[in-house]
Amino acid sequence: MAERTRWYKDMCFYQIWPRSFKDGNGDGIGDLQGVLEKLDYIQSLHMDGIWFSPLYPSPNADYGYDVADYMDIAGEFGGMELFEQLVEELHRRGMKIIMDLVINHTSDQHPWFQASRRGLEPYKGYYYWRPAREGKNPLPNNWQSLFEGDAWSWDEERGAYYLHLFSPHQPDLNLRNPAVREEIKKIMRFWLDKGVDGFREDVITMISKPRGLPDGFPLPTARGIELYNHGPSVHAYLQEFRHDVLSRYDCVTIGEAPMTRPGQALEYIREDGGELDMLIQFDAMRGDSFFTSYSPHPFFLPKQKYLWARWQRRMDEGKAWNLLYLENHDHARVISRYGSEKYRSESGKALAASYLFQKGTPFVYQGQEIGMTNIRLDSIDCYEDVQTQRKYAGMKRLREDQRLKRVWRASRESSRTPMQWTDGPHGGFSEGEPWFYVNQNYRSVNVLQQEEDPNSLLNFYRRAMELRKSLPVVRFGSYRDLRPLSLRLHVYERCARGVRLLVICSYADKELSFRPPRGYDLRKGRLLLWSYPDAELRGNGCTLRPYECRVYLFTDKEEALPAPRAEETDLSEFYGGAETAVEESGEEMAEQEAETP
Ligand code: TEU
Ligand code: CA
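The sequence shown begins at 41 in my numbering and counts up one residue at a time.
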């Protein structure tokens, strides 16, 4: 078979959580009509494609991640005809479309589950059914749901327990059953034949459960996960999907991979023989938390830099490709976590520069580009999301006000408030009453206002995105953190054949005096991107203002300067893959930034 083109390596993707993106018909729910209206906007961000969170019919127990019909588009989003129009329109614009594929579980309303609970063939064995155990604890094993509580619920009709790693409305499919795997292949073919360009595969690392479903290690947080995450047949199943379906199409596959180390990741995404193309790893979101954001610690920049550097290095060495992100629909807003709401726009820019110039394919989540922040609703009853509700209920040892504070900080619902388009009613999201609260800051934080401000976060994203695409060194160069121990600076270089890109991001809320790492003379670099209206130098250094960031390029080769995008083959020949800095600039790690008095 011919070598794959791997077009996704040159691209940037925008993630849409459809319910909250743009309402086109005034019923308060985002839809595809709304998306069509905003395609020019998405393209103006230099995005090459869109990943849609689930669009399928769903009772919305987990907002689309409980699928009731895999081969249709929900009426509330506009239905199949509109979807087909959207695919055509995206392709006409040269853009790609990635569907969410949720195959670890279905909705409990899915016809398969309805038939299965009645014991009807062939669906009887589509899920994990187990009888009650003898003795005091009747549950089949000690596994815990990732949304808190037991992973088993009793079904009266079948007279048995069924397994659900997520909510009780999301029973796990039994992929050990070949008939289930055939169904999944049918679903894949269905969408690929409709022209979609790939899948983001929900919790794909969890689709294989060990034979006999044994008890997990009796730690309250982990019970079972060590057995079903990266389970025994996960690679066999994914190879089967690749061989039977995916390899026959020119498509990209992205696996969602909670709790995955780089070494494990390579088994999925090595370019020679891995079964997926990229992974959504969770280390990107661990700069302020231990296990999940519900077990938080203060944001610690050296930790996040360590995690970034580790993925950069390990994927490079292992011939695999990173997916870069700071936000998605499962995490609270990043400015509220890693940045500063006080320096909202500035910290948003620093965060953007921190990740957009790393090696990999960047994803931007709706609202990230305008710096949307967390919501803080008055009571837990205001929250809709099943995970938020169950996490709250699970925090038994905390006082009520402490629990609510934890929710303010960690709830993924903060990323699901309606997109803020204007300072008009409901932030311009809908002509009707939105399905969920609009963040009260919409009057000052919205697309319209930032369109008009050349110095806005939105326009910074545009410049950064355009720049990254014009610089081959971003595509090919090696990554090196030049100040791994610094508490307040993320300074890294990207390097290829004597071309060096230097990215400087301050995470301090005060001024810092900055001197570049050894081997760099800022006076000789070209300043390509900066976050304040100006960027002065004082000799070979400068004062960095709060959360200031800058990107410099060092080269004497004209070819390396930003240019219209060139053919991949030509450039790879020129750059010849990753290598480290020509001038070694080690040692200065100990030299820390000093605060200006
Ligand atoms: O998310 C999976 C996910 O976020 C968890 O595995 C996470 O590690 C856990 O919740 C930590 O407590 C995907 C979807 O992105 C999410 O929206 C869905 O709710 C979930 O799967 C179930 O489909
Ligand atoms: Ca609507």
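Glycine included, every Cβ here is placed at the ideal spot set by N, Cα and C.
| Runs of beta strand (DSSP E) wholly within the segment 88–143 (minimum 3 residues, chain order) | Entirely contained in the segment 88–143, the beta strand (DSSP E) runs reaching 3 residues are, in chain order, 89–92, 136–141.
| field | Residue environment, Ile-56, which counts as buried when at least 16 other CB atoms sit within 10 Å | value | Taking the sequence shown and counting its residues from 1, the one referred to as residue 56 is at position 16. The residue is buried, with at least 16 neighbouring Cβ atoms inside 10 Å.
| task | Run the proximity test for Ile-56: is its beta-carbon closer than 6 angstroms to any non-hydrogen atom belonging to ligand 2? | result | Against the sequence shown, residue 56 aligns to sequence position 16. Answer for Ile-56: no, Cβ out of range of ligand 2.
| request: Sort Tyr-383, Leu-85, Leu-122, Arg-350 by Cα distance to Ser-518 and report the nearest one. | output: Against the sequence shown, residue 518 aligns to sequence position 478. Minimum Cα distance to Ser-518 is reached at Arg-350.
| Sequence-distant residues of the same chain with beta carbon closer than 6 angstroms to Tyr-201, five excluded per side | What you label residue 201 is simply residue 161 of the sequence shown in a count that begins at 1. So the list reads Arg-170, Pro-180, Trp-192, Trp-194, once near-sequence residues are dropped.
| task | Kindly provide the ranges of any alpha helix (DSSP H) runs that are 4 or more residues long and lie completely inside the segment 340–369, ordered along the chain. | result | Runs of the alpha helix (DSSP H) inside the segment 340–369: 341–357.
| task | Could you say if the segment 50–68 and the segment 84–101 meet the contact criterion of at least three C-beta pairs nearer than 8 angstroms? | result | The segment 50–68, when compared against the segment 84–101, does touch it at the 8 angstroms Cβ threshold.
| query | Whose C-beta lies closer than 7 angstroms to the C-beta of Val-274 among residues of the same chain, with five residues either side of it excluded? | reply | For the purposes of this step, residue 274 is identified with residue 234 of the sequence shown, where counting begins at 1. By the criterion of a C-beta distance shorter than 7 angstroms, Val-274 is surrounded in its chain by Thr-245, Ile-247, Ser-248, once the five residues flanking it on both sides are discounted.
| Closer than 6 angstroms: residues whose CB approaches a heavy atom of ligand 2 | Qualifying residues come out as Asp-63, Gly-64, Asn-65, Asp-67, Ile-69, Asp-71.
| Own chain, CB closer than 7 angstroms to Val-220, minus 5 neighbours either side, in chain order | For the purposes of this step, residue 220 is taken as the residue at position 180 of the sequence shown. These residues qualify, in order along the chain: Tyr-166, Leu-213, Asn-214.
| message | Just to check my reading of the structure: Gly-358 and Phe-340 have Cβ atoms closer than 8 angstroms, yes? What is that Cβ distance to the nearest angstrom? | response | Position 318 of the sequence shown, counted from the first residue, corresponds to residue 358. Position 300 of the sequence shown, counted from the first residue, corresponds to residue 340. So it is not a contact: roughly 26 angstroms between Cβ atoms.
| query | What do you reckon, is the C-beta of Val-107 under 6 angstroms from a heavy atom of ligand 1? | reply | Translated into the one-based positions of the sequence shown, residue 107 becomes position 67. Checking every heavy atom of ligand 1 against the Cβ of Val-107, none is found closer than 6 angstroms.
| field | Sheet register partners of Pro-402 (DSSP bridge) | value | The residue given as residue 402 occupies position 362 in the sequence shown. Pro-402 pairs with Leu-364.
| said: With a threshold of 7 angstroms on Cβ separation, who are the neighbours of Glu-473 within its own chain once the five nearest residues in sequence on each side are excluded? | reply: As a working note, residue 473 is residue 433 in the sequence shown. Within the same chain, Glu-473 has close Cβ partners Gly-68.
| message | Please classify Leu-438 as buried or exposed, where buried requires at least 16 other C-beta atoms within 10 Å of its C-beta. | response | Numbered from 1 along the sequence shown, position 398 holds the residue referred to as residue 438. Exposed, by the Cβ-count rule.
| field | Inter-residue spacing [alpha-carbon to alpha-carbon] between Lys-345 and Ala-324 | value | Numbered from 1 along the sequence shown, position 305 holds the residue referred to as residue 345. Numbered from 1 along the sequence shown, position 284 holds the residue referred to as residue 324. Between Lys-345 and Ala-324, the C-alpha separation is close to 9 angstroms.
| task | Have a look at Leu-525, Trp-461, Ala-575 and flag the residue whose alpha-carbon is nearest the alpha-carbon of Gly-70. | result | In the sequence shown, counting from the first residue as 1, residue 70 sits at position 30. Among Leu-525, Trp-461, Ala-575, the Cα nearest to that of Gly-70 belongs to Trp-461.
| said: Nearest by alpha-carbon distance to Gln-154: which of Ile-137, Pro-211, Gly-118 is it? | reply: Mapped onto the sequence shown, residue 154 falls at position 114. For Gln-154, the nearest C-alpha among the options comes from Pro-211.
| Just how far apart, CA to CA, sit Glu-311 and Ala-360? | Stepping through the sequence shown from its first residue, residue 311 is reached at position 271. Stepping through the sequence shown from its first residue, residue 360 is reached at position 320. Here the C-alpha atom of Glu-311 lies approximately 6 angstroms from the C-alpha atom of Ala-360.
| The beta strand (DSSP E) enclosing Ile-56, as first and last residue numbers | The sequence position of residue 56 within the sequence shown is 16, counting from 1. It spans 53–56 - the beta strand (DSSP E) in which Ile-56 sits, taken as one unbroken run.
| said: Quick check: is any heavy atom of ligand 1 less than 6 angstroms from the C-beta of Val-75? | reply: Locating residue 75 in the sequence shown gives position 35, counting from the first residue. No - ligand 1 has no heavy atom lying nearer than 6 angstroms to the Cβ of Val-75.
| query | How many Å lie between Arg-540 and Leu-76 at the Cα? | reply | Locating residue 540 in the sequence shown gives position 500, where the first residue counts as 1. Locating residue 76 in the sequence shown gives position 36, where the first residue counts as 1. Our two residues, Arg-540 and Leu-76, have alpha carbons roughly 39 angstroms apart in a direct line.
| query | Thinking C-beta only, is Leu-347 closer than 7 angstroms to Ile-320? | reply | Position 280 of the sequence shown, counting from 1, holds the residue named residue 320. Position 307 of the sequence shown, counting from 1, holds the residue named residue 347. For Ile-320 and Leu-347, no; Cβs fall outside 7 angstroms.
| message | Please return the same chain residues whose Cβ sits closer than 6 angstroms to the Cβ of Gln-427, not counting the five positions on each side in sequence. | response | Counting from one through the sequence shown, the residue named residue 427 turns up at place 387. Excluding residues up to 5 positions away in sequence, Phe-187 lie with their Cβ nearer than 6 angstroms to the Cβ of Gln-427 in the same chain.
| Whose C-beta lies closer than 8 angstroms to the C-beta of Lys-382 among residues of the same chain, with five residues either side of it excluded? | Position 342 of the sequence shown, counting from 1, holds the residue named residue 382. Cβ within range, chain order: Asp-549.
| field | Own chain partners of Glu-266 with C-beta closer than 7 angstroms, once the 5 adjacent residues on each side are dropped | value | Taking the sequence shown and counting its residues from 1, the one referred to as residue 266 is at position 226. Leaving aside the five residues that flank Glu-266 on each side, the residues in its chain whose CB is nearer than 7 angstroms to its CB run, in chain order, Gly-256, Phe-257.
| request: Please indicate yes or no: does the CB of Pro-556 lie closer than 6 angstroms to some heavy atom of ligand 1? | output: Position 516 of the sequence shown, counting from 1, holds the residue named residue 556. For ligand 1, not one heavy atom lies less than 6 angstroms from the Cβ of Pro-556.
| said: DSSP three-state label for Pro-151, please. | reply: To locate residue 151, count along the sequence shown from 1; it is residue 111. Secondary structure of Pro-151 (DSSP, three-state): helix.
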